[in-house]
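To start, the structure under review is shown below, and the notes come after it.
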Amino acid sequence: MYQLYKFTVLFVFSIVLGFSFNMFLLPHEVLSGGVTGLAMIFGLLSPINSGIWLIILNIPVFVIGWMRLGKHFILNSVFSVFITSVSMQYIPVVKVTDDALLSAVFGGVIVGVGIGFIVRFYGSTGGADIIGLVVTQKHDIPLGGLIFGLNSIVVFISGFFFSWDLALYTMASIYITGIVIDRIHTRHIKLNLMVVTSRGDELKDELIANLIRGITIMNGYGAYSNNENKVLYTVITRYELALVKSLIKKIDPKAFVSISETAEVLGNFRKS
108 MYQLYKFTVL FVFSIVLGFS FNMFLLPHEV LSGGVTGLAM IFGLLSPINS
158 GIWLIILNIP VFVIGWMRLG KHFILNSVFS VFITSVSMQY IPVVKVTDDA
208 LLSAVFGGVI VGVGIGFIVR FYGSTGGADI IGLVVTQKHD IPLGGLIFGL
258 NSIVVFISGF FFSWDLALYT MASIYITGIV IDRIHTRHIK LNLMVVTSRG
308 DELKDELIAN LIRGITIMNG YGAYSNNENK VLYTVITRYE LALVKSLIKK
358 IDPKAFVSIS ETAEVLGNFR KS
């Protein structure tokens with residue numbers, strides 16, 4: 108049931124991305140950042156089409172994501188990118204407003220909402236999203252700000268080949284997108300996770316394999332059920348919550364789970 112819910116969210120917000128591109132950004136030729144922007148530049152400087160460059164440049168990014176973020180994340184990302192691409196083929200490229208600045212602002216907000224929810228449900232739109240998530244996995248840097256920094260480099264380079272006005276509009280748009288992503292993504296928020304389960308060893312192995320967190324295991328005894336259980340305790344980020352929930356439901360749907368927000372974390376927060 109959760110998987111259906113997750114893919115429904117990824118499906119809806121991938122279409123939202125296609126809507127924002129075709130209705131707000133593309134009609135005013137607002138430049139792209141990240142891998143897409145690099146593909147545009149390479150397409151101009153070489154006989155190879157930008158679409159081919161986009162695939163070539165995304166291959167190593169997806170490989171890195173597969174190794175560092177897991178196959179589930181990459182499969183979700185491929186699904187999201189595919190739905191966005193298909194939706195852009197059917198959503199007409201129409202100007203909602205003739206004002207390029209308004210389109211850049213509202214397009215940036217809608218793109219931020221779309222990416223924010225896609226990332227929150229353990230997916231991405233490829234390119235800078237994956238690079239940003241790999242970096243934030245080891246360092247508590249706001250994802251939106253990091254994506255803005257990565258995209259800004261490409262947009263600045265693009266200004267030499269396109270229009271500086273369009274480059275500045277794009278800079279404003281991706282800055283707004285970064286702010287919105289951080290409002291939704293909330294990776295910096297840490298959560299206490301306690302799980303009482305009869306399948307402690309299996310759940311421990313699954314969590315260890317998919318997270319970069321250590322886990323403390325204690326023996327528990329049910330006062331009402333008189334059953335012996337394992338109590339798993341760890342601290343995760345808000346970003347990892349969706350993945351953790353799906354792993355727990357897969358191993359032990361009857362597990363008792365307690366989640367609470369923590370004010371501060373000291374000591375070793377990540378596996379070495």
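The numbering used here numbers the first residue of the sequence shown as 108 and each following residue consecutively. From the three backbone atoms N, C-alpha and C, an ideal C-beta is built for every residue, glycine too.
Would you be able to state if there are at least three C-beta pairs under 8 Å between the stretch 302–320 and the stretch 329–337?
-> yes
Could you check which residue in MET301, GLY230, VAL216 has the C-alpha nearest to that of GLY285?
-> To locate residue 285, count along the sequence shown from 1; it is residue 178. For the residues MET301, GLY230, VAL216, the minimum Cα distance to GLY285 belongs to VAL216.
Would you list the residues sitting across from ASN299 in a DSSP beta bridge?
-> Mapped onto the sequence shown, residue 299 falls at position 192. Answer is VAL342, SER367.
Cα separation between ARG306 and GLY214?
-> Here the question's residue 306 lines up with position 199 in the sequence shown. Here the question's residue 214 lines up with position 107 in the sequence shown. Approximately 47 Å between the Cα atoms of the pair.
Whole angstroms is fine: what's the gap from ALA274's alpha carbon to ASP205's?
-> The sequence position of residue 274 within the sequence shown is 167, counting from 1. The sequence position of residue 205 within the sequence shown is 98, counting from 1. Their Cα atoms are separated by approximately 18 Å.
Helix, strand or coil at TYR229 [DSSP, three-state] | Stepping through the sequence shown from its first residue, residue 229 is reached at position 122. Residue state, collapsed to three classes: coil.
Consult DSSP for THR277 and reduce its assignment to one of helix, strand or coil.
-> Locating residue 277 in the sequence shown gives position 170, counting from the first residue. DSSP places THR277 in helix when its eight states are reduced to three.
In chain order, what residues of the same chain have a beta carbon less than 6 Å from the beta carbon of ALA207, not counting five sequence neighbours either side?
-> Locating residue 207 in the sequence shown gives position 100, where the first residue counts as 1. Excluding positions up to five away in sequence, the list reads HIS135, TYR276.
Cβ neighbours of ASN317 in the same chain (closer than 7 Å, five flanking residues each side left out) | Reading the sequence shown from its first residue, position 210 is the one you call residue 317. Cβ neighbours of ASN317 beyond the five flanking positions: GLY177, LEU350, LEU354.
Between the C-alpha atoms of TYR282 and PHE263, what's the straight-line distance to the nearest angstrom?
-> Mapped onto the sequence shown, residue 282 falls at position 175. Mapped onto the sequence shown, residue 263 falls at position 156. Their backbone Cα atoms lie some 13 Å apart in a straight line.
Just curious, the alpha helix (DSSP H) that MET195 is in, first and last residue?
-> Along the sequence shown, one-based indexing puts residue 195 at 88. That run of the alpha helix (DSSP H) goes 178–197.
Residue interval of the alpha helix (DSSP H) (run including ILE358) | Here residue 358 is taken as the residue at index 251 of the sequence shown, counted from 1. Residues 348–358.
Using only alpha-carbon positions, find the residue among ILE322, SER270, TRP271, LYS361 that is nearest to VAL342.
-> Along the sequence shown, read from residue 1 onward, the residue named residue 342 stands at position 235. Selected option, being the one with the closest Cα: ILE322.
Within the same chain, show all residues whose beta-carbon is closer than 7 Å to that of GLY158, passing over the 5 residues directly before and after it, in chain order.
-> Here the question's residue 158 lines up with position 51 in the sequence shown. Any answer about GLY158 is weak, because its pLDDT of 49 lies below 50 and its placement is not dependable; what the coordinates show is given next. Cβ neighbours of GLY158 beyond the five flanking positions: none.
Please confirm whether any heavy atom of the ligand ATP lies closer than 7 Å to the CB of PHE131.
-> For the ligand ATP, the structure offers nothing, since it holds no ligand at all.
One or two residues paired with ILE217 in a DSSP bridge = The sequence position of residue 217 within the sequence shown is 110, counting from 1. Partner(s): none; ILE217 has no beta bridge.
Span separating the alpha-carbon of PHE189 from that of TYR328 = Residue 189 sits at position 82 when you count from the first residue of the sequence shown. Residue 328 sits at position 221 when you count from the first residue of the sequence shown. The alpha-carbon atoms of PHE189 and TYR328 are separated by roughly 48 Å.
State buried or exposed for SER270, treating a residue as buried only when at least 16 other CB atoms are found within 10 Å of its CB.
-> If you number the sequence shown from 1, residue 270 lands on position 163. That one is exposed.
Simplified DSSP assignment, three categories, for TYR331 | By 1-based counting over the sequence shown, the position of residue 331 is 224. Reduced to three states, the DSSP call for TYR331 is coil.
What residues match up with MET325 in a beta bridge as DSSP calls it?
-> Stepping through the sequence shown from its first residue, residue 325 is reached at position 218. BP columns for MET325 point to VAL338.
Does the separation of the CB atoms of ILE198 and GLY125 fall below 8 Å?
-> Against the sequence shown, residue 198 aligns to sequence position 91. Against the sequence shown, residue 125 aligns to sequence position 18. Their beta carbons are under 8 Å apart, which means ILE198 touches GLY125 by this criterion.
Hey, would you say LEU133 sits closer than 8 Å to VAL200, going by beta carbons?
-> As a position in the sequence shown, residue 133 is number 26, starting the count at 1. As a position in the sequence shown, residue 200 is number 93, starting the count at 1. Contact: yes.
Skipping 5 residues on each side, what residues in its chain have a beta carbon closer than 6 Å to that of ILE296?
-> Residue mapping note: residue 296 aligns to position 189 of the sequence shown, counting from 1. Excluding positions up to five away in sequence, the list reads ARG345.
Relative to the alpha-carbon of ALA235, which residue among SER127, LEU145, VAL203 has its alpha-carbon at the smallest distance?
-> To locate residue 235, count along the sequence shown from 1; it is residue 128. Checked all of SER127, LEU145, VAL203; the closest Cα to ALA235 is LEU145.
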